[in-house]
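Reviewing the structure listed below.
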Amino acid sequence: MKLGGHIAEGLRPLVDLVYPPRCPICGEGVAQQGGLCTPCWSTLAIPGEPACVSCGRPFASDHLGKAAQCAPCMVHPPKHDGISVGTLYNDASRKLVLAFKHGGKIGLAPMMAKLIAARLPQRVEGEGLPLIIPVPLHRWRLWRRGYNQAALLAQELAKLGAGELMVDGIVRTMQTPPLGGLGRKQREKTLAGAIAIRPSREGKIKNRAIVLVDDVLTSGATSDACVTAVKKAGAQSVRVACFARVLDEALPDSSQLAALDQAEMVGKYETPEVPLEPRAPRDEIKRTHFEKLE
Ligand SMILES: [Zn+2]
Ligand SMILES: [Zn+2]
1217 MKLGGHIAEG LRPLVDLVYP PRCPICGEGV AQQGGLCTPC WSTLAIPGEP
1267 ACVSCGRPFA SDHLGKAAQC APCMVHPPKH DGISVGTLYN DASRKLVLAF
1317 KHGGKIGLAP MMAKLIAARL PQRVEGEGLP LIIPVPLHRW RLWRRGYNQA
1367 ALLAQELAKL GAGELMVDGI VRTMQTPPLG GLGRKQREKT LAGAIAIRPS
1417 REGKIKNRAI VLVDDVLTSG ATSDACVTAV KKAGAQSVRV ACFARVLDEA
1467 LPDSSQLAAL DQAEMVGKYE TPEVPLEPRA PRDEIKRTHF EKLE
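When you line the sequence shown up against our numbering, it's residues 1217 to 1510, in that order.
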């Protein structure tokens, strides 16, 4: 890994020459690859205080006491033990997420991870390192996109000292249909069967504090399914850490949230999920190919 790092460092001037660093939000020239220009920094919405004690949802005013819970948390007590959010989802963070997730701009990961790390609680002296586990992608989507954006963020968080990386602790055992049109219970049911703990990792998850990492948090249905799975495996606590959190009140109506969920599940710029036929072994492809030629 060290060697790779040196090579990357060595190549940086060359990379900068061929691809001058540009702000991923507005396209202005910037000093460093993966950085934002100063005006764009100020457009990111960093969640502030006062906020819900359970989920960190910012309150509009501070007349609510210190230990107040937001209405959604009161109605459905969260399964997780806290959320750490780098930014609130707005036009600026949306552009970053799209570039990172669907535009192949993986160089944004360190900057995005730093924003998340800044929101993680201070580690208590003598406490063990938490395990950092990304929300998984189904292998077909992984194969198509080439990377799991949540795993890249998890890797960077581990580099920043936030915990120990376990990249494959949770697996998606099947493809899930778009969740946009489904009700809460229906989503839970659909996801519960699709997310599981890798059996060989169960022993390591037991009694550990977990940081579950994702790029965007929308309805929380996917992260809830992951939280349930790691808790079932005996995790001591689970904190959800994400780069951008969608707060429903930031969107004009809930149909937009549903559309966003759909975009998250299907991938806005990807072809919609279609069940793929198992690929024929190479010989078979060759044979039919030649048969056709003959
Ligand atoms: Zn900019
Ligand atoms: Zn809350």
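Cβ coordinates follow ideal geometry from the N, Cα and C atoms, glycine included.
Kindly give me the distance between the Cβ atoms of residue i and residue j, rounded to whole angstroms, as I take these residues to be in contact under 8 Å.
| i | j | result |
| --- | --- | --- |
| A1333 | C1256 | The pair is not a contact, with the Cβ atoms about 20 Å apart (cut-off 8 Å). |
| R1414 | Q1452 | Actually they are not in contact, since the Cβ atoms of R1414 and Q1452 sit about 19 Å apart, beyond 8 Å. |
| L1395 | A1457 | Not quite, the Cβ-Cβ distance comes to about 21 Å (not below 8 Å), so this is no contact. |
| R1355 | S1300 | Between S1300 and R1355 the Cβ distance is about 28 Å, and since that is not below 8 Å, they are no contact. |
| C1268 | C1286 | 4 Å |
Nearest by alpha-carbon distance to residue i: which of the options is it?
| i | options | result |
| --- | --- | --- |
| R1361 | L1373, G1320 and T1392 | G1320 |
| G1377 | I1262, A1329 and V1454 | A1329 |
| A1367 | G1264, Y1305, L1428 and K1447 | L1428 |
| L1260 | L1336, P1240 and G1245 | P1240 |
| K1447 | D1297, R1403, P1326 and L1331 | D1297 |
| G1385 | A1370, A1283 and L1398 | A1370 |
| K1317 | R1357, E1380 and V1291 | R1357 |
| K1420 | G1344, T1254 and L1331 | G1344 |
| V1432 | S1270, R1400, P1393 and L1304 | L1304 |
| V1291 | A1276, N1306 and C1271 | C1271 |
| M1327 | R1455, V1454, Q1249 and K1401 | Q1249 |
| T1434 | G1245, N1306, K1422 and P1293 | N1306 |
Would you kindly check if the distance between the Cβ of residue j and the Cβ of residue i is under 8 Å?
| i | j | result |
| --- | --- | --- |
| M1390 | I1348 | no |
| L1353 | R1310 | no |
| P1288 | P1274 | no |
| V1314 | L1324 | Residue 1314 is actually Leu in this sequence, not Val. Cβ distance not < 8 Å, so L1314 and L1324 don't count as in contact. |
| G1302 | F1459 | yes |
| V1462 | K1295 | no |
| I1351 | D1440 | The sequence given here has Val at residue 1351, not Ile. For V1351 and D1440, no; Cβs fall outside 8 Å. |
| A1445 | I1411 | yes |
| P1337 | G1379 | no |
| G1251 | P1237 | yes |
| L1373 | T1392 | no |
| Y1363 | I1426 | no |
**Study point:** Below 5 Å from a heavy atom of ligand 2 - residues by beta-carbon
**Key:** C1268, S1270, C1271, R1273, C1286 and C1289
Point to revise | Whole runs of the beta strand (DSSP E) within the region 1307-1367, excluding any shorter than 3 residues | key: 1347-1350
Practice item. Could I get the ranges of all uninterrupted alpha helix (DSSP H) runs contained in the region 1426-1464, with 4 residues as the minimum, in chain order? Key: 1437-1448
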